[in-house]
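Using our numbering, the letters of the sequence shown map in sequence onto residues -12 to 143. For every residue, glycine included, the Cβ atom is placed at its ideal position computed from N, Cα and C. One structure below.
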Amino acid sequence: SRPWGGRGGVSQVCSVPPAMCPHRSIEDCLPPLCDFPSKRLSASRRKQYYIIQAIRNSDLIPRAKGRKSLQRLENTRYLMTLLEQDECSSADEELSHSAPPSIFTEACNNETYVEIWNDFMNRSGEEQERVLLYLEEEARKKHKRNLPVKNEDKWK
């Protein structure tokens, strides 16, 4: 009932097989809109409709998602703003004085770190939590190993 993969509440498109328009422009190949059966829309109007549909169906406009997905999306956006700010500030610093790059800048410029980060961000919220808990536990173990042992604790 949804030939072009639309969702409920979104305007649906009439189905025209792509093979029926092999050598015409893309505007001519676009099928007419089902919402306006009596009107013949111009090619530019149809093109605009499909662009709007593509944006609506993309991740540029977040749809209602689960709490954890929205949190990950918000975290990603926050990190992107930090990256943009860091890039701007590092460009300003280069003009005034050369300071060592921040840890965040180094991580973003290191392909291995970026690969690991992307892998982490593509995991589900539960998997991300497990990874973070594991890393926290490892940090605690390392910290305990590095603590100096008191003399009285050695003999007990």
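I need the DSSP call for N62, collapsed to helix, strand or coil.
On the sequence shown, residue 62 is found 75 positions in, with the first residue counted as 1. DSSP places N62 in the helix class (H, G or I) of the three-state scheme.
Residues in the same chain with beta-carbon distance under 6 Å from K128, minus the five sequence neighbours each way, listed in chain order, please.
Within the sequence shown, numbered from 1, the residue matching residue 128 stands at position 141. No residues qualify anywhere along the chain.
Which residue wins for smallest C-alpha separation from N109, given the options I39, G53 and R59?
Your numbering for residue 109 matches position 122 in the sequence shown. Closest option to N109, Cα to Cα, is R59.
I need the straight-line Cα distance from R117 to Q40, nearest angstrom please.
The count along the sequence shown starts at 1 and reaches residue 117 at position 130. The count along the sequence shown starts at 1 and reaches residue 40 at position 53. Taking the straight line joining both Cα atoms gives about 37 Å.
Could you tell me which of G53, S56 and S89 sits nearest to L69, measuring between CA atoms?
Along the sequence shown, one-based indexing puts residue 69 at 82. The option with the nearest alpha carbon to L69 is S89.
Tell me the residue span of the alpha helix (DSSP H) that contains G112.
Position 125 of the sequence shown, counting from 1, holds the residue named residue 112. Unbroken alpha helix (DSSP H) run through G112: G112 to N133.
To the nearest angstrom, how far is the alpha carbon of W104 from that of Y37?
Position 117 of the sequence shown, counting from 1, holds the residue named residue 104. Position 50 of the sequence shown, counting from 1, holds the residue named residue 37. W104 and Y37 have their C-alpha atoms roughly 34 Å apart.
Which same chain residues end up closer than 6 Å to K55 when comparing Cβ atoms and leaving out the 5 residues on each side of it in sequence?
Position 68 of the sequence shown, counting from 1, holds the residue named residue 55. G112.
Any non-hydrogen atom of the ligand FMN within 7 Å of R117 CB
Annotation note on the ligand FMN: not contained in the displayed structure, which lists no ligands.
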